[in-house]
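Respectively, the protein sequence lines represent chains A and B. Using my numbering, read the first sequence as starting at 305 and increasing by one per residue. Using my numbering, read the second sequence as starting at 970 and increasing by one per residue. Written out below as structure tokens is the structure these notes cover.
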Amino acid sequence: DTGVSQNPRHKITKRGQNVTFRCDPISEHNRLYWYRQTLGQGPEFLTYFQNEAQLEKSRLLSDRFSAERPKGSFSTLEIQRTEQGDSAMYLCASKGTSGGTDTQYFGPGTRLTVL
Amino acid sequence: AQSVTQLDSQVPVFEEAPVELRCNYSSSVSVYLFWYVQYPNQGLQLLLKYLSGSTLVESINGFEAEFNKSQTSFHLRKPSVHISDTAEYFCAVSDGPIGGAQKLVFGQGTRLTINP
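Written as structure tokens, this is what we have:
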């Protein structure tokens, strides 16, 4: 399967701890997006990369959040000093930018629970 | 700024009945429109999309949606639903032209429940 993968699938942590999630996009896709989905809501955009460059960040991405895509392949999303309000599903998506590639393909998500 | 409104949070229907899930959007620029489906504990899967051309788009599993620019709508329909269609459905919009972030703005979702 060459789809988007995310690890871990589930993470339970205590308030104040740091967590890191990983996303592996479809190999030929140069764009990578992070979204957050809380219970009963649609996903909300957090940030995106074109290759290794982070080109846009949402206001939702507080200073405790940082994302990287060091070699333009996989990406990590780190949350420092987690809060209960950070509990959500974190979704990663990738897409290409050549002709006819307007679709974002989503991974299965990482469900974060902050106790 | 773009926004999407899904008018129904839950839609219960009987198996083999028709269904319509409503979606309205607002945008000051040309847009691409999408319907994604999310099964329990899974990520989002693309159901269908409108980019340009024919305003009626279809999916491989019998769903269709019609882009109506004057009413800024992109309603999803299926003439006869199956138990396996039970899922959460999300309407989304992104910037139209190639270039720019093309980030997706999602509606709140509609939970479709099929009763036997």
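Ideal placement from N, C-alpha and C gives every residue a C-beta, glycine not left out. Note that this is a predicted model, so its numbers are computed, not measured.
- Between the region 407 to 414 of chain A and the region 1002 to 1013 of chain B there are three or more C-beta pairs closer than 8 Å, enough to call the two in contact.
- Under a criterion of Cβ atoms nearer than 8 Å, the residues of chain B adjacent to proline 347 of chain A are, in order, Leu1013, Phe1059, Leu1073 and Phe1075.
- The beta carbon of proline 412 of chain A sits closer than 8 Å to some beta carbon of chain B.
- Between the alpha carbons of phenylalanine 369 of chain A and tyrosine 394 of chain A lies a gap of roughly 12 Å.
- For the 8 Å CB-CB criterion, valine 998 of chain B and aspartate 1054 of chain B do not form a contact.
- Taking a Cβ-Cβ cut-off of 7 Å, the neighbours of leucine 1020 of chain B in chain A comprise Asp406, given in sequence order.
- Excluding residues up to 5 positions away in sequence, Leu1013, Gln1014, Leu1015, Leu1016, Phe1059 and Ala1061 lie with their Cβ nearer than 7 Å to the Cβ of tyrosine 1005 of chain B in the same chain.
- Taken in chain order, the members of the region 354 to 384 of chain A whose beta-carbon sits within less than 8 Å of a beta-carbon on chain B are Leu359 and Glu360.
- In this structure the region 979 to 987 of chain B does not lie against the region 1031 to 1044 of chain B, because fewer than three pairs of beta carbons, one per stretch, are closer than 8 Å.
- Beyond the five residues adjoining it in sequence on each side, leucine 976 of chain B comes within less than 6 Å, by CB distance, of Arg991 in the same chain, given in chain order.
- With at least 16 other beta carbons inside 10 angstroms of its own, glutamate 1057 of chain B counts as buried.
- With contact defined as three or more Cβ pairs closer than 8 Å, the region 341 to 351 of chain A and the region 1069 to 1081 of chain B are in contact.
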